[in-house]
Amino acid sequence: MTRTTRRPAGPTAPDSTAPDSTGAAPGRTGDPGQDRRRRRSRLLRTVTVIGVLAPLGLAGWLGWRTVGSPDRSVPAAAAGTGTPAAAPPGGADPTAAPTGTPAPGTAPSGTADPAFPLRAVPTATTLAGRTVLLDPGHNTGNSAHTAEINRKVDIGNARKECDTTGTSTNSGYSEAEYSLDVVHRARAILAARGATVVLVHDGDRPWGPCIDERARIGNTAHADAAVSVHGDGGPANGSGFHVIMPAKVVAGKADTAAIVDPSHRLGLLLRDSFHAATGEPYADYVASKGLDTRSDLGGLNLSTVPKVFIECGNMRNPADARRMTDPQWRQQAAQGIADALTSFLTTR
Ligand SMILES: [Zn+2]
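Here it is in structure tokens:
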């Protein structure tokens, strides 16, 4: 139930010139007293306008700063949706110029996000010798294999369905398609940094794998870190992303004692990196400040390597759905995920 904390309005508001201060030349009456009074009232009006508009404008500007920056084009339609603050009326919209400037498709891939500085600019060998597991949630074929995916599997502290169909946007873009696309994009970035990238599946099997097998694949690969990519199916009026970290579960086949701490570090990095790369706000309907800890997910319970889930947005929410169906935004999502993993593997 938390929203992104926004920085308070400060003196650096970019719209410090209110419309009134750049208006028509003052009228001359030949009466200095009247001119003074006019100037004073104009000044008062200007100050009032600045006082009212500056916080709004700054909020809008911060929204732009958060949602997109000049080097990562975000369609204007999407840029405004992530911020609750409306642009000030009267053409003083500070979001108009930056969002309209960049051409689509110009966001560099494989480069560090300046808002999430990596220790060093990644090179082709930054992640050499490291193995990353990417787990694209669900499978587009699951819905045609309900018997197989409804079979219960042992997750240590419970028995749970092998997998689920996942969710989709109202227009039918599925979570499985979304997650596989983002994973492909993240794989390209990580591979360019020298990592060995293992996928839990690559859209190359009719259904699944089951959640226990998803964990096993990362364990067998001795992955240095693992991220499971999802889109949530929350209430339509809820939006935002969240990261899910493993709780300490020591029960049956599950023992997360050794991965709780490193997974928590990975989770924090992923929360910050994804937020910086996409501007997506923290979920306002689940988790706290974009972070959740759960003991009921087989993919986490059975993992012996540091692993987290990310619910990149709420696919049932129109604004999130608009972003998640945008390939440009998915590239930013992949960048955020790849940068978090890179940071996790190159820092302590
Ligand atoms: Zn999912």
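Going by this note's numbering, the first residue of the sequence shown is number -5, and it counts up by one from there. Glycine residues also receive a C-beta, built at the ideal position from the N, C-alpha and C atoms.
Taking 8 Å as the cut-off, decide whether the C-beta atoms of residue i and residue j are in contact.
i    : j    : result
L260 : R187 : no
R208 : V194 : yes
G330 : K154 : no
I235 : A277 : It should be noted that the sequence gives Phe, not Ile, for residue 235. In contact: F235 and A277 (Cβ atoms closer than 8 Å).
S289 : N151 : yes
V223 : C306 : yes
L264 : A185 : no
D369 : A220 : Residue coverage of the chain in this structure runs from -5 to 342, which leaves residue 369 outside it and unanswerable.
F303 : I253 : no
S173 : T159 : no
A275 : S233 : Correcting the residue identity first, residue 275 is Pro in this sequence and not Ala. Yes, they are a contact pair.
K242 : A251 : yes
G228 : V280 : yes
G212 : L294 : no
Leaving out five residues before and five after residue i in sequence, what residues of the same chain have Cβ atoms less than 6 Å from its Cβ?
i    : result
T125 : T190, A215, A217 and D218
Q322 : none
A315 : T163 and M309
A332 : A180, I183 and L184
D286 : H236 and I238
On the CB-based measure, 16 or more other CB atoms within 10 Å of its CB, does residue i come out buried or exposed?
i    : result
V404 : A question about residue 404 goes unanswered here, because the residues of the chain that appear run from -5 up to 342.
R199 : exposed
R324 : buried
Q28  : A caution first: Q28 carries a pLDDT of 45, below 50, which makes its placement in the model too unreliable to give a value.
K301 : buried
T341 : exposed
V115 : exposed
G76  : Because G76 carries a pLDDT of 34, less than 50, the predicted location of this residue cannot be relied on, and no value is offered for it.
T119 : exposed
Assign residue i to one of three DSSP states: helix, strand, or coil.
i    : result
V244 : strand
Y167 : coil
G309 : The residue you asked about is not Gly; residue 309 is Met in the sequence shown. In the structure shown, M309 sits in coil (DSSP, three-state: anything other than H, G, I, E or B).
L127 : strand
G76  : With a pLDDT of only 34 at G76, under the threshold of 50, the placement of this residue in the model should not be trusted; the figure read from the coordinates follows. Note: G76 maps to coil in three-state DSSP.
S297 : coil
T250 : coil
F110 : coil
H224 : strand
S282 : strand
S162 : strand
D314 : helix
E274 : coil
S266 : For the sequence presented, residue 266 should be read as Asp rather than Ser. Here D266 sits in helix by DSSP.
H236 : strand
By Cβ distance, which residues of its chain are closer than 7 Å to residue i, with the 5 residues on each side in sequence left out?
i    : result
S162 : S168, E169 and M309
G123 : none
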